[in-house]
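With the first letter of the sequence shown counted as 1, position 115 gets the number 120 in our numbering; the numbers rise by one all the way through.
Input: a single structure, listed below in structure tokens.
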Amino acid sequence: MFDTLSSRLDKVFTSLRGRGRLTDADIDATAREIRVALLEADVALPVVRSFVAAIKSRARGAEVGASLNPAQQVIKIVNEELVAILGGGTTTLRFAKTPPTVILLAGLQGTGKTTLAGKLGRWLKAQGHTPLLVAADLQRPNAVNQLQVVGARAGVEVFAPEPGNGVGDPVRVARDALAHARRQVFDVVVVDTAGRLGVDEELMRQAADIRDAVSPDEILFVLDAMIGQDAVATANAFADGVGFSGVVLTKLDGDARGGAALSVAQVTGRPIMFASTGEALDDFDVFHPERMASRILG
Ligand code: GDP
6 MFDTLSSRLD KVFTSLRGRG RLTDADIDAT AREIRVALLE ADVALPVVRS FVAAIKSRAR
66 GAEVGASLNP AQQVIKIVNE ELVAILGGGT TTLRFAKTPP TVILLAGLQG TGKTTLAGKL
126 GRWLKAQGHT PLLVAADLQR PNAVNQLQVV GARAGVEVFA PEPGNGVGDP VRVARDALAH
186 ARRQVFDVVV VDTAGRLGVD EELMRQAADI RDAVSPDEIL FVLDAMIGQD AVATANAFAD
246 GVGFSGVVLT KLDGDARGGA ALSVAQVTGR PIMFASTGEA LDDFDVFHPE RMASRILG
């Protein structure tokens, strides 16, 4: 991801190397090239606009000090603005004062929610928590089984509906899971919900019903970074339909142009909290805006 954006930006910076002071015309030309690079990477237009405006005004006001030449100065500004649109810093989960903390996962089908439940479970366990994963995705025939497999691999218990008891009713499964967590002293409950291939009202209502039944401390919107320009519309639909407190980006190891990753925090006003970079349980970490900015700038 970001290969094209990285090489485009690198060309912009290269053209500034060895230059003395930058004129306003140089800055405008540079800003235009950065704009094209971001648009080509599928970054959402409002994000591109505010990004380029910030670069321009900061580059104009920048004092070229003894330590930084104009190219380095522009790289520094672009880096800082990238970190800013990615959320500024890391945002950690809010844990409930009285356990269990409830985390609801929402997102389209195939984004990596079930995989994420396992990753999150394993990560929480490593932090000293006792997580419980809940199979409330009852739409996809194999989803419950898939979560059980992922949970076993992660070494984390899975709460799944008993045949004939709550089958087909994800709200009841989520509620029963919460009662189970209280009895068995699990301190974090991660609820996997059903996703569809496209945004649909029934899916939103179901996720909202589960939300109302378990009052989550965090709702994580799981976004496949490969979906490109659709990311913003999908994020907005979930913000309206279910609401969410944070974003998890998945498939950052893919070869998409990266615009989704670069737009979503700014467009939704919600922080990117975690990043998934592969199918293995270990391909997962807290999201670090500075690291992603450095990756883009090479
Ligand atoms: P769900 O439908 O949202 O529950 O999605 P799944 O967890 O079933 O994931 C769908 C597919 O994406 C599976 O084949 C996963 O192995 C794969 N997957 C999940 N996360 C990642 C990731 O970060 N990178 C890659 N390359 N594949 C992933």
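The beta carbon of each residue, even a glycine, is placed where N, CA and C say it ideally should be.
Quantities reported herein were computed from a predicted structural model and do not represent experimental measurements.
Query, Result
"Nearest residue (CA-CA) to S12, options L27, I277, E38, D31", "E38"
"DSSP bridge partner residues for G133 (one or two, in chain order)", "In DSSP, G133 forms no bridge with anything."
"P75, buried or exposed, once every other Cβ within 10 Å from all chains shown has been counted against 16", "buried"
"Stretch-stretch touch, CB-based, cutoff 8 Å, three pairs: the region 229-237 with the region 191-199", "no"
"Cβ neighbour criterion (16 or more within 10 Å) applied to G133", "exposed"
"Where the alpha helix (DSSP H) through I215 begins and ends", "206-219"
"Buried or exposed (CB count within 10 angstroms, at least 16 for buried), P51", "exposed"
"Range of the contiguous alpha helix (DSSP H) that encloses G246", "235-246"
"Minimum C-alpha distance to A64 - residue among E206, D29, L43", "D29"
"Straight-line Cα distance separating D245 from G156", "30 Å"
"Per-residue burial, T116 [other beta carbons within 10 Å of its own, 16 or more giving buried]", "buried"
"E86, buried or exposed, once every other Cβ within 10 Å from all chains shown has been counted against 16", "buried"
"Alpha carbon of R262 to alpha carbon of T35, nearest angstrom", "21 Å"
"Simplified DSSP assignment, three categories, for T19", "helix"
"Three or more C-beta pairs below 8 Å linking the region 113-129 and the region 277-286", "yes"
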